[in-house]
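This report concerns only the one structure given below.
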Amino acid sequence: MKRTAFTSFHEELGAKMAPFAGYNMPIEYTGINGEHKCVREKLGVFDVSHMGEFWVKGPKAFSFVQKLTTNDVAALSNGKVQYSCFPNGKGGIVDDLLVYQIDSETYLLVVNAANIEKDWNWCCKNAEEMGLEVGTELYNASDEICQLAVQGPLALKAMQKIVDRPIEDMEYYTFQKVTIAGIENAIFSTTGYTGSGGCEIYVSNEDGAKLWNAVMEAGKEFGIQPIGLAARDTLRLEVGFCLYGNDIDDDHSPIEAGLGWITKFVEGNDFIDREFFEKQQEEKPKRRLKGFELIDRGIARHGYKIEDAEGNEIGEVTSGTMAPMVGKSIGLGYVKEGFYKLDTEIFIRVRNKAVKAKITKIPFYKA
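If you want it as structure tokens, here you go:
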């Protein structure tokens, strides 16, 4: 089981630890609801060092990233970040990811922890076909980088105390190279997976302990707490962010998943599966990922069946939870066409019982 640069801190704090994506990760510290509310109201820090980082460099870097991702990399500029996904050549998604443009010949791809090997193999296959040299122009730095996500409305205010330049007014989905807590060339990015603002900070593993101590000290007066992966999941679901392996996968397209906004059919963006996705968008998909809230008592879980009033199966739940800030049981799931409209009545099959629910807007919660 791998350890991150911060594992010893989690253990010292008494976190409930469990295996995740090959790492021993903190699931919760003091309780999911309390950790969740701390991020929504103040700030919390997540160890997300298990995420993968691939560098793409050289004169073919732009063409490579443009081909492999659905968003339009040409719309990026230095210091900007883009949410995107890798299409798999079969109408599905290899993974969703962040694309950082360092400069016109240097990109950082940040991929999901559970998919690092799969994504790396996919990138290597395509790199070789496009003439990029694996190991130099395409480089896997996942084991060399640690990452903290400091999330919440007070996150940037707290981090300003230890960063060498102004960061509080940074635009969403931008980044800077900064000196933080004396650590030079850290990547400081106004991204995150909670919907409550904040940042993600990348440094080398050897600087991890220094970063953790500085972040915790800077956030102390604002009520910072370490947050586990369980609250990370409830936070992302409350704002309708997709989780790979649940809401998106190799069998569902970005059009079906409501990710048409990161699938750009613009001139020059000839990404893998473009023709298939464009046709699917024009003809309308036969299933879509929709948000719902339960009317009757119960909690929807991944894999539960979705039915109509007559008990006919019309879809399947992909994610579900009791949302702490909303105070309702919510979820995401794929449903057949005819059940897309807001307030459409559906039923979730919970332990052999049909629990009434309705289609609702995403996000469920707005910070």
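If you count by the numbering used here, then the sequence shown holds residues 49 to 415, one letter each, in order.
We put the beta carbon where it would ideally sit given N, CA and C, even for glycine.
- Per the Cβ contact rule, the stretch 110-127 is in contact with the stretch 143-153 (3 or more Cβ pairs under 8 Å).
- Restricted to the stretch 152-231, the beta strand (DSSP E) segments that are unbroken, complete and at least 3 residues in length are 154-159, 186-188, 193-199 and 223-228, listed in chain order.
- With respect to the 9 Å criterion, THR154 and PHE134 are not classified as neighbours on the basis of their beta carbons.
- Note on geometry: alpha-carbon atoms of ILE235 and LEU156 lie some 11 Å from one another.
- The alpha-carbon separation between ARG345 and VAL403 amounts to approximately 7 Å.
- By the criterion of a C-beta distance shorter than 7 Å, LYS409 is surrounded in its chain by GLY339 and LEU390, once the five residues flanking it on both sides are discounted.
- Within the same chain, Cβ atoms closer than 7 Å to the Cβ of HIS84 are found at ALA279, THR282, LEU283 and PRO372, the five residues on either side in sequence being excluded.
- Contact check for ALA197 against VAL96 passes: the beta carbons are separated by less than 9 Å.
- The stretch 157-167 makes contact with the stretch 290-302; the number of CB pairs closer than 8 Å reaches 3 or more.
- Under DSSP, the beta-bridge partners assigned to GLU76 are LYS64.
- CA-CA distance, PRO333 to TYR382, rounds to 11 Å.
- Sorting ALA53, GLY100 and SER56 by C-alpha distance to the C-alpha of ALA69 places GLY100 at the top.
- DSSP places ALA371 in the uninterrupted beta strand (DSSP E) bounded by 361-371.
- Sorting ARG336, ARG335 and THR369 by C-alpha distance to the C-alpha of HIS350 places THR369 at the top.
- In this structure, the straight-line span from the alpha carbon of LEU186 to that of ILE75 is close to 32 Å.
- A residue is called buried when at least 16 other Cβ atoms come within 10 angstroms of its Cβ; GLU165 does not meet this threshold and is exposed.
- Taking 3 residues as the shortest admissible run, the stretch 92-147 contains the following complete beta strand (DSSP E) segments, listed from N- to C-terminal end: 92-95, 100-105 and 129-135.
- Going by DSSP, GLU326 is part of the alpha helix (DSSP H) stretching over 322-331.
- Annotation for ALA266: ALA206, LYS209 and ILE210 place their beta carbon closer than 6 Å to its own, counting only its chain and skipping 5 residues before and after.
- In this structure, DSSP gives ILE394 an extended state, which the three-state scheme calls strand.
- Here LEU277 carries a helix assignment [DSSP, helix/strand/coil].
- The three-state reading of DSSP puts ILE310 in helix, counting H, G and I together.
- Residue pairing from DSSP places VAL383 in a beta bridge opposite ARG336 and GLY363.
- The beta carbon of THR227 sits closer than 6 Å to the beta carbons of ASP212 from its chain, once the five residues preceding and following it are set aside; these are given in chain order.
- Take the alpha-carbon of GLY379 and the one of ALA175: they are about 38 Å apart.
- By a beta-carbon distance limit of 8 Å, LEU146 contacts THR239. Their separation comes to about 6 Å.
- Nearest to ILE231 by alpha-carbon distance, out of LEU259, LYS312 and PRO214, is LEU259.
- Secondary structure note for GLU265: its alpha helix (DSSP H) is the uninterrupted segment 256-267.
- Nearest in C-alpha terms to ASP191, of all of THR52, GLY92 and PHE412, is THR52.
- Nearest neighbour of LEU91 by Cα position, chosen from GLU181, MET264 and LEU180, turns out to be MET264.
- Per DSSP, GLU304 is not a residue of any beta strand (DSSP E), being assigned neither H nor E.
- DSSP places CYS247 within a strand segment (E or B) once states are collapsed to three.
- Boundaries of the beta strand (DSSP E) around GLU355: 353-355.
- Counting the other CB atoms within 10 Å of its CB gives GLY200 a total of 16 or more, which places it among the buried residues.
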